[in-house]
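Asks: This is the structure I have questions about; it appears just below.
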Amino acid sequence: MAQRALFLDLETCTGCRACMVACSATKENLFSMNKSRIWVPKKEGICLGVPIICEQCDPAPCMVVCPMKAISRHARTGSVVVDRDKCIACKECVWACPFGAINVQGGVAVKCDLCDGEPACAEVCIPGAIKYLDLERPYMQKKWKSLERRVDALSALFSGGS
Amino acid sequence: MEVAGEASRRLIRAILRGKLNMYAWAGKILHVDLEKKKIWKEDLSQKQAFEFVGGRGVNARLLWDLIKKPGIDSFSSDNVLIFGTGTLTGTTAPSSGRTTITCKGALTNLYLKTNMGGHWGAEVKYAGYDHVVFYHRSAKPVYLWINDDQVELRDAKHLWGMNVRETDQAIKSDNGEPDAKVACIGPAGENLVRFASVMNSVYHAAGRGGAGAVMGSKNLKAIGAKGSGELKLADPDKFNELALAARVDLSKDPEGMKLYKTGTAGGMEVINELGAFPSYNFKIGKVEDAYPLSGECLVEQGYLDRRVGCFSCTISCHRYCSVKSGPFAGAASGGPEYETAASLGSGTGIFDTGAVIKGGELCNLLGLDTISTGVTIQWAMESYERGVLGKEDTDGIELNFGNPYALIQTIENIGYRKGKLGDLLAEGTMRASRKVGKDSWKWAIHNSKGLEQSDVETRSAKGYALAFAVNPRGPDHLHTEVLAEFGGTPTRLALVKKITGDEKWANSHLTEYRAELIRYHEDVYAVTDSLGFCAFSSTAAYAVNPKNMAEMFTAATGMRVDEQEMTLAGRRIVTLEKCFNIREGIDRKYDDLPWRLMNEPASPATAGKVFMNSREELDGMLDRYYALHQWDGKTSWPYKKTLVKVGLKDVANELGKMNRLPK
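Respectively, the protein sequence lines represent chains A and B. Note that numbering that gives the first Met the number 0 numbers the first sequence so that position 148 is 147, with each residue one more than the last. Note that numbering that gives the first Met the number 0 numbers the second sequence so that position 554 is 553, with each residue one more than the last.
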């Protein structure tokens, strides 16, 4: 089976954050911005939202730095997953992640696991800024382009001003 | 059929026995006494939340309870300012992030509910509060900072005078929370401009009625919020399933799709073709070229930078636009919406996209309601052209229709109450026309309540005419939308058939069955606002409806209600809002329309027909409307038995003591 990945489009994102609530609802059974695995920092003065989520890197820096070997790749979905039992919440992975897509909650590292192949964020994103697509070559190029744009936007976001 | 049915009585008994957990609501009301600098938290009454749903409904109940003495001035220290988040705000329900602000309005001195989108409401709920209530007046400028449990009033001396964008940024950086959400006023609110708005997430306005001026009168600059908490629902799996289905329905709705593609200003040329595009202060209904003001123009001519969504919204009708060239290059702002483009554009005879974006930006930064701002400037332009206002009154401004520079300068003057003209217009059309006198009241587009009418042509839309007349805050489309009366889509036709028995009543020129259509939409609108939904999701698109609202409410709160009970809760809210105004002393004669819309047709005649509203027509619709509500036709006041039936017995008692129940 072809592997699939999340594609996030900065231009289409309306910054509504429905993905964030849907993520916390799916993963934690409650509704909270803080419990979400996806993150949409915003610059409200220019109405810009930048969707940020684990890119399931390969090789994955978080997996490389984990002293407990608690992070591995899921065979079917290709997602990078944390073994709750092995994790000691040392935050090495949090520091290693280039996108800020992992954090520690309740004594364990949490991150996107692609909802086991049915990502809730893509499901609720009506404008289609988050799509779950087959990992084929043209899409891969698109994915890197989208990532580049989002990273640029993100650094602009934190460079001050409203 | 009694309103409080057996099922809900059983529920209320369970609530009173303390048997139900609180879900969906954050469960707390935050009270802030600005004079004594006292802050306290109170549990949200579960019974009240059940009866009045949340947001707008609970706000209405709080206002009724907190302002007992009729006749107080909206700027007096006794006025209260209530912020209420929706019951479903902060969840995955589509377009559910809206917040209602309730107080006595600065323009009307009557009931005011004004509603805003953006992201502030969800943040406040995550911080743990459903409602925030402000009492009295602070001696010095302050702002409220909410960071979960930590709530404090802070000095706002350094923020006073700042525009909305600056205020937002300053509060975020002062607190080191770039992701905080800020609701604030701009200079217009500080200067008590009677139609100052409350803004949140920078460009989302609670514009109508002057809640911003009331906030300014309390010396309250802003409410910053950061919430790291969570909301729990009774049945999250069921709720998510319902919410997702509603999201998908909404995304397939043609009206919803149109709003996404071209925004609220989309389809403006069609409205113009119908002769229903209010222009030149409601004198003209069809202009040569409406394109420059349309949502299509924003997209096609490169003004649109991006489409923007309020919290959890599937529609995302909000825009962010900028002007890239021409005299207004550099202007950039959220919007412009239909109402902004119509009131600052066609209403003033300025068909210049850049000028409208610039004007909209100024209104947003100063914190001004674009509708009242535009309609007031239109009044001044007509007065100037008729010689009622001279150059000595306008501080030398050539205040002719079609002059974009006059528009921009006047907006700024209003925001700062600068000069003779700015100070006059900052009072709104009712007070300004009284002051100027002569016949100027005839082209002042407000009704007896005192609010400027929004840019909707009511002379060829009788349902809207009725809705505008009975709206407790004054004539606009935000108490009841009734797009169904235009027909055109299968959903609208089906709804009209359901309410009236026949699709043929989907015709906005008819007066028959307008009362029935209005009352249905009015109930739905009240529930929509109270749950935190956007009116576009339920009364423009119809994907959110009483049935799925009842289902989502049930899954979210664990309190089982059906479709009928949901709409009856809406009626309870609408009735209570009416009662607030009755306590203030108003009666049927306040349910009217601006003089021009009753006496002068818009030109040119469309397809040889002249459209007008008449006293007889309006009276006929009003009679039917009051009768449907079981309110007295002579005074428009509800009978005691009506109030008891909708569960407002204590309200009936209070009005009885004041002699405000019909004989």
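The C-beta atom is built at its ideal place from N, Cα and C for all residues, glycine as well. Every value quoted in this text rests on a predicted model; they were computed, and no experiment measured them.
Listed in chain order, which residues of the stretch 126-139 of chain A have Cβ atoms closer than 8 Å to some Cβ of chain B?
Replies: If the cut-off is 8 Å between Cβ atoms, the stretch 126-139 of chain A has 126 near chain B.
Asks: Taking just the CA atoms, how far does residue 455(B) sit from residue 280(B)?
Replies: Residue 280(B) and residue 455(B): Cα-Cα distance of roughly 12 Å.
Asks: What are the complete alpha helix (DSSP H) segments, minimum 4 residues, inside the stretch 416-475 of chain B?
Replies: Fully enclosed alpha helix (DSSP H) runs of 4 or longer: 418-424, 427-435, 461-469.
Asks: Return no unless some Cβ of chain A is closer than 8 Å to the Cβ of residue 671(B).
Replies: Residue 671(B) lies beyond the stretch modelled for chain B, which goes from 0 to 662, so this question has no answer here.
Asks: In its own chain, which residues sit with a C-beta less than 7 Å from the C-beta of residue 159(B), not counting the 5 before and 5 after it?
Replies: Taken in chain order, the residues that qualify are 140, 189, 220.
Asks: Name the two residues that bound the continuous beta strand (DSSP E) containing residue 205(B).
Replies: It spans 203-205 - the beta strand (DSSP E) in which residue 205(B) sits, taken as one unbroken run.
Asks: Look up residue 296(B) in the DSSP assignment and say whether it is helix, strand or coil.
Replies: Residue 296(B) falls in the helix class under three-state DSSP.
Asks: Would a check of beta-carbon distances place residue 101(A) closer than 8 Å to chain B?
Replies: Cβ-Cβ to chain B under 8 Å: no for residue 101(A).
Asks: By DSSP, does residue 120(A) sit in helix, in strand, or in coil?
Replies: Residue 120(A) falls in the helix class under three-state DSSP.
Asks: Could you name the residues of the stretch 23-45 of chain A whose beta carbon sits closer than 8 Å to any beta carbon of chain B, in the order they occur along the chain?
Replies: Listed by position, the residues of the stretch 23-45 of chain A near chain B (Cβ gap below 8 Å) are 23, 24, 25, 27, 28, 29, 30, 31, 32, 33, 34, 40, 41, 43, 44, 45.
Asks: Just verifying my parser: in three-state terms, what is the DSSP assignment at residue 42(A)?
Replies: Residue state, collapsed to three classes: strand.
Asks: Out of 264(B), 520(B), 192(B), state which residue places its alpha-carbon closest to the alpha-carbon of residue 375(B).
Replies: Considering only alpha carbons, the answer is 192(B).
Asks: Is any beta-carbon of chain A found at less than 8 Å from that of residue 303(B)?
Replies: Not one chain A Cβ lies under 8 Å of residue 303(B).
Asks: What is the DSSP secondary structure of residue 545(B), counted as helix, strand or coil?
Replies: Correct three-state label for residue 545(B): helix.
Asks: Which runs of the alpha helix (DSSP H) fall wholly inside the stretch 133-185 of chain B and span at least 4 residues, in chain order?
Replies: Listed in chain order, the complete alpha helix (DSSP H) runs (minimum 4 residues) inside the stretch 133-185 of chain B are 163-173.
Asks: Flag this pair as yes or no: are the beta carbons of residue 524(B) and residue 534(B) separated by less than 8 Å?
Replies: The answer is yes: Cβ separation under 8 Å.
Asks: Taking all protein chains shown into account, do 16 or more other C-beta atoms lie within 10 angstroms of the C-beta of residue 160(A), making it buried, or fewer, making it exposed?
Replies: With a pLDDT of 49 at residue 160(A), under the threshold of 50, the modelled position of that residue is not reliable, and the figure given next carries that caveat. By the neighbour-count rule (16 or more Cβ atoms within 10 Å), residue 160(A) is not buried but exposed.
Asks: Taking Cβ positions only, does residue 481(B) come closer than 8 Å to chain A?
Replies: No, its Cβ sits nowhere closer than 8 Å to a Cβ of chain A.
Asks: Under 7 Å between beta-carbons, which chain A residues line up against residue 243(B)? List them in chain order, please.
Replies: The answer, in chain order, is 122, 123.
Asks: Looking at C-beta atoms only, is the number of pairs between the stretch 584-604 of chain B and the stretch 256-269 of chain B that lie closer than 8 Å three or more?
Replies: Because the criterion of three Cβ pairs below 8 Å is not met, the stretch 584-604 of chain B and the stretch 256-269 of chain B do not touch.
Asks: Could you name the residues of the stretch 505-532 of chain B whose beta carbon sits closer than 7 Å to any beta carbon of chain A, in the order they occur along the chain?
Replies: Residues passing the 7 Å Cβ filter: none.
Asks: Taking the beta carbon of residue 475(B) as the centre, do at least 16 other beta carbons fall within 10 Å, making it buried, or is it exposed?
Replies: By the neighbour-count rule (16 or more Cβ atoms within 10 Å), residue 475(B) is buried.
Asks: Is the number of C-beta pairs between the stretch 285-293 of chain B and the stretch 458-474 of chain B that are closer than 8 Å three or more?
Replies: No: the two stretches stay apart, fewer than three of their Cβ pairs being nearer than 8 Å.
Asks: What three-state label does DSSP hand residue 21(B) in the structure shown?
Replies: Correct three-state label for residue 21(B): coil.
Asks: Within the same chain, show all residues whose beta-carbon is closer than 6 Å to that of residue 145(B), passing over the 5 residues directly before and after it, in chain order.
Replies: Hits under 6 Å: 126, 224.
Asks: Any beta carbon from chain B within less than 8 Å of residue 20(A)'s own beta carbon?
Replies: Judged by the 8 Å Cβ criterion, residue 20(A) is in contact with chain B.
Asks: Would residue 89(A) count as contacting chain B if we go by Cβ distances under 8 Å?
Replies: Cβ-Cβ to chain B under 8 Å: no for residue 89(A).
Asks: Using DSSP with H/G/I as helix, E/B as strand and the rest coil, what is residue 281(B)?
Replies: It is coil, neither helix nor strand.
Asks: Per DSSP, what kind of secondary structure is residue 703(B) in: helix, strand or coil?
Replies: For residue 703(B) there is no data in the structure shown, the boundaries of chain B being 0 and 662.
Asks: Please give the ranges of any beta strand (DSSP E) in the stretch 218-247 of chain B, keeping only runs that are unbroken, at least 3 residues long and fully inside the region.
Replies: 219-225, all fully within the stretch 218-247 of chain B.
Asks: Using a Cβ cut-off of 8 Å, which residues of the stretch 347-363 of chain B contact any Cβ in chain A, in chain order?
Replies: Those would be none; no residue qualifies.
Asks: When DSSP builds the beta bridges, which residues end up paired with residue 102(B)?
Replies: Answer is 111(B), bridged to residue 102(B).
Asks: Let me check you understand the geometry: is the CB of residue 93(A) closer than 7 Å to at least one non-hydrogen atom of the ligand ZN?
Replies: Judged by which ligands are present, the structure shown has none, so any question about the ligand ZN falls away.
Asks: Helix, strand or coil: which one does DSSP assign to residue 603(B)?
Replies: Coil, per DSSP.
Asks: Against chain B, does residue 16(A) count as a neighbour if the rule is that its beta carbon must be under 8 Å from one of theirs?
Replies: At least one chain B Cβ lies under 8 Å of residue 16(A).
Asks: Does any residue of chain B have a CB that is nearer than 8 Å to the CB of residue 13(A)?
Replies: At least one chain B Cβ lies under 8 Å of residue 13(A).
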